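Enquirer: Numbering (our numbering), first residue to last: 20 to 472. Think of the CB as a built atom: it goes at the ideal place given N, C-alpha and C, for glycine as much as any other residue. Model, not experiment: these values are computed from the prediction.
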């Protein structure tokens with residue numbers, strides 16, 4: 020939808036015809052009683068109808084109804100008028116005219132989309148309620164602080180500049196809606212990963228697994244703290260104009276700040292460091308796809324994430340803090356979350372396939388998420404397992420998980436087997452934390468692909 024601004028030009032005659040028809044319709048609606056609310060879109064220039072404008076107007080319809088309901092007014096009748104010179108929305112409401120106008124002004128003054136909505140209110144006798152009657156100042160011009168009527172009379176700004184500003188405000192609204200959706204789906208993915216169980220060796224609502232410094236509430240606190248990070252990562256993608264390989268440099272500073280937020284929220288525990296990297300890359304990738312008007316599907320997003328994260332595979336060869344991840348890379352060549360991301364998230368793609376397989380067998384959502392985790396444990400080179408149990412510990416977990424996954428039977432039996440494996444891994448201090456991050460990554464790719472404008 021972003022940037023979809025192609026549409027037919029309308030003539031002055033069509034504009035005047037729409038105005039006359041609107042006045043006639045208003046008289047008919049007023050004859051039926053109640054307060055009349057009429058909304059149009061302020062779209063300067065000869066192009067009034069195009070996909071972005073129509074989508075913005077229909078968002079305005081929903082916002083207007085919410086505003087009226089919040090103000091205690093009841094909608095008795097509603098109708099969208101489809102005219103060449105622009106969509107119109109008529110509502111007949113029950114309540115006081117000044118209340119309806121107050122609601123209309125509250126929406127008109129709400130940036131960015133409200134600035135483009137013209138909402139007229141008429142009392143039962145057909146008198147239009149003005150801003151002045153409610154003691155409100157004249158409406159401001161889109162392009163300067165002066166009253167809009169004054170600028171229109173003097174033609175202070177060109178039509179092209181006003182049209183570009185209107186389109187910019189529409190894009191700003193939808194961009195904001197998208198990045199908020201993206202952030203909420205990233206948090207949702209973390210919450211679903213934290214909630215599902217039993218998860219062998221991991222924190223769930225049954226126990227803390229092999230972790231002594233955190234519990235399920237640590238993960239909930241961490242997920243709650245990361246919303247702004249995910250939002251900013253998505254914004255970077257929406258605004259980015261260069262090749263995907265250069266986006267990572269914009270995301271890294273945000274990720275470092277997010278790690279500090281995570282530790283502040285968890286009392287110092289490392290709940291989501293790997294997920295911060297992976298989900299930050301994918302939020303940026305989702306923003307990039309959205310900003311370019313490209314399809315947002317899991318496979319496409321994960322593959323694009325690989326392009327964004329391509330340079331991360333070289334981090335181990337650069338100077339920096341001697342972390343556990345760097346030591347594992349030197350000793351075993353394990354690349355962890357960076358390697359998964361740079362390869363296009365093969366683990367997340369595997370998890371999505373496993374999730375669908377479990378759902379097709381009739382598993383509930385919780386068991387399906389655990390099934391995807393089990394499939395990951397059976398194949399993934401999890402650096403958390405390497406750190407805690409070495410190569411032997413990793414292969415032990417793979418062997419046990421493979422035995423469960425390859426002999427998948429009923430949901431009840433499967434969950435019982437996962438609970439038994441949880442006891443074994445907890446006793447041996449083994450935790451497949453990297454697999455848990457990949458599960459959250461897969462869930463995000465699935466969730467965010469549901470975006471519709």
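Between residue 359 and the rest of its own chain, which residues show a CB-CB distance below 6 Å, the 5 nearest in sequence each way excluded?
Expert: 366
Enquirer: Counting along the chain, where does the beta strand (DSSP E) carrying residue 110 start and finish?
Expert: Where residue 110 is concerned, the enclosing beta strand (DSSP E) stretches over 107-113.
Enquirer: Using the beta-carbon count (16 or more within 10 Å), is residue 464 buried or exposed?
Expert: buried
Enquirer: Do residue 113 and residue 26 have their C-beta atoms closer together than 9 Å?
Expert: no
Enquirer: Let me check understanding here. Comparing Cα to Cα, which of 63, 45, 65 and 309 lies closest to residue 56?
Expert: Looking from the CA of residue 56, the closest CA among 63, 45, 65 and 309 belongs to 45.
Enquirer: Under 8 Å: does the beta carbon of residue 376 sit that close to some heavy atom of the ligand NAP?
Expert: Because no ligand of any kind appears in the structure shown, any question about the ligand NAP cannot be addressed here.
Enquirer: Check the DSSP bridge columns for residue 93 and list the partner residues they point to.
Expert: 113
Enquirer: Please classify residue 456: does DSSP put it in a helix, a strand, or coil?
Expert: helix
Enquirer: State yes or no: is the C-beta of residue 361 within less than 9 Å of the C-beta of residue 461?
Expert: no
Enquirer: Return the residue from the list 168, 47, 317 and 447 that minimises the CA-CA distance to residue 369.
Expert: 317
Enquirer: Going by Cα to Cα distance, which pick from 115, 41 and 94 is closest to residue 106?
Expert: Just measuring C-alpha positions, the residue of 115, 41 and 94 sitting nearest residue 106 is 41.
Enquirer: Is the separation between the beta-carbon of residue 252 and that of residue 312 shorter than 9 Å?
Expert: no
Enquirer: Where do the N-terminal and C-terminal ends of the alpha helix (DSSP H) with residue 54 fall, by residue?
Expert: Segment 54-60 is the beta strand (DSSP E) holding residue 54; no alpha helix (DSSP H) there.
Enquirer: Taking DSSP as the reference, what is the three-state secondary structure of residue 278?
Expert: helix
Enquirer: Kindly list the residues whose CB is nearer than 6 Å to the CB of residue 108, restricted to its own chain and excluding five residues on each side of it in sequence; keep chain order.
Expert: 58, 80 and 99
Enquirer: Is the CB-CB distance between residue 212 and residue 245 below 9 Å?
Expert: no
Enquirer: Distance, Cα to Cα, residue 197 vs residue 268?
Expert: 22 Å
Enquirer: Would you say residue 41 lies against chain D (beta-carbon separation less than 9 Å)?
Expert: Protein chains in the displayed structure number just one, and chain D is not present.
Enquirer: Taking its Cβ as the centre, do 16 or more other Cβ atoms sit within 10 Å of residue 12, making it buried, or is it exposed?
Expert: For residue 12 there is no data in the structure shown, the boundaries of the chain being 20 and 472.
Enquirer: Measuring alpha carbon to alpha carbon, tell me which of 401, 222 and 440 ends up nearest residue 419.
Expert: 440
Enquirer: Mark residue 432 as exposed unless 16 or more other C-beta atoms lie within 10 angstroms of its C-beta, in which case mark it buried.
Expert: exposed
Enquirer: With distances taken between CB atoms, is the gap from residue 117 to residue 92 smaller than 9 Å?
Expert: Not in contact: residue 117 and residue 92 (Cβ atoms no closer than 9 Å).
Enquirer: So, using beta-carbon positions, are residue 217 and residue 437 closer together than 9 Å?
Expert: yes
Enquirer: Which word fits residue 236, buried or exposed, when buried means at least 16 other C-beta atoms lie within 10 angstroms of its C-beta?
Expert: exposed
Enquirer: From residue 32 to residue 166, what does the alpha carbon distance come to, in whole angstroms?
Expert: 27 Å
Enquirer: With DSSP as the reference, label residue 140 as helix, strand or coil.
Expert: strand
Enquirer: Compute the Euclidean distance between the alpha carbons of residue 401 and residue 453, then round it to the nearest angstrom.
Expert: Cα-Cα distance, rounded: 5 Å.
Enquirer: Run the CB neighbour count on residue 30, radius 10 Å, all protein chains shown included, and call it buried at 16 or more, exposed below.
Expert: exposed
Enquirer: According to DSSP, is residue 66 helix, strand or coil?
Expert: DSSP places residue 66 in strand when its eight states are reduced to three.
Enquirer: Pairs of beta-carbons, one from the stretch 185-200 and one from the stretch 126-146, closer than 8 Å: are there three or more?
Expert: yes
Enquirer: Starting from residue 437, follow the alpha helix (DSSP H) in both directions and report where the run begins and ends.
Expert: 430-446
Enquirer: What does the alpha-carbon distance come out to for the pair residue 101 and residue 204?
Expert: 34 Å
Enquirer: In this structure, does DSSP put residue 166 in helix, strand or coil?
Expert: Annotated three-state conformation of residue 166 is strand, per DSSP.
Enquirer: Quick one: give me the first and last residue of the alpha helix (DSSP H) that residue 403 is part of.
Expert: 402-424
Enquirer: Report the three-state DSSP secondary structure of residue 189 (helix, strand or coil).
Expert: Reduced to three states, the DSSP call for residue 189 is helix.
Enquirer: Taking the alpha carbon of residue 276 as the point to measure from, which residue in 291, 451 and 138 has its own alpha carbon closest?
Expert: 291
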